[in-house]
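If you read the sequence shown in the working numbering, its first letter stands for residue 22, the second for the next number, and so on. Positions of the beta carbon are idealized from the N, C-alpha and C atoms, including for glycine. The structure presented is a predicted model; accordingly, all values stated were derived computationally and were not measured. Shown next, in structure tokens, is the structure this report addresses.
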Amino acid sequence: MELKRYHYGLRICPEPVHWGGLSGSTYSEAVSWGKFVPPEEGGRFAEVLEDATVALPLIVGAVLQRLGYLPRREVRAARTGRRQAVPAD
């Protein structure tokens with residue numbers, strides 16, 4: 022029976038990579054185990070070395086803004102004090 026391999030992934034973990042520990046394993050290790058499609062075959066992965074309680078709200082907010090579920094906010098430029106729109110990607 023062939024297992025399904027994942028094409029996309031996001032890893033949020035504050036731990037540095039430690040070989041042998043599952044919590045510190047990287048996507049390249051998971052590719053070697055056959056769990057993910059390698060980047061050469063179209064796999065896309067990101068790793069964020071941050072605590073999830075800090076990173077996840079920022080990521081979710083950015084995705085919701087990009088999809089139009091949250092209004093774009095203006096930010097004040099640090100040097101000029103003038104308002105400017107948050108740049109879109």
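Would you mind working out which of 32, 22 and 24 sits nearest residue 66, comparing C-alpha positions?
Within the sequence shown, numbered from 1, the residue matching residue 66 stands at position 45. Of the listed residues, the one whose Cα sits closest to residue 66 is 32.
Quick one: grab the DSSP three-state call for residue 23.
For this step, residue 23 is matched to residue 2 along the sequence shown. Three-state result, residue 23: coil.
Could I get the ranges of all uninterrupted alpha helix (DSSP H) runs contained in the stretch 46-104, with 4 residues as the minimum, in chain order?
Complete alpha helix (DSSP H) runs here, min 4: 48-53 and 73-88.
Could you give the distance in angstroms between the alpha-carbon of residue 30 and the alpha-carbon of residue 23?
Position 9 of the sequence shown, counting from 1, holds the residue named residue 30. Position 2 of the sequence shown, counting from 1, holds the residue named residue 23. Rounded to whole angstroms, residue 30 to residue 23 spans 20 angstroms at the Cα level.
Rounded to whole angstroms, what is the Cα-Cα separation between residue 94 and residue 82?
Within the sequence shown, numbered from 1, the residue matching residue 94 stands at position 73. Within the sequence shown, numbered from 1, the residue matching residue 82 stands at position 61. In a straight line, the C-alpha of residue 94 is about 11 angstroms away from that of residue 82.
Could you tell me whether the Cβ of residue 64 comes closer than 8 angstroms to any Cβ of chain C?
The structure shown contains no chain C, having only a single protein chain.
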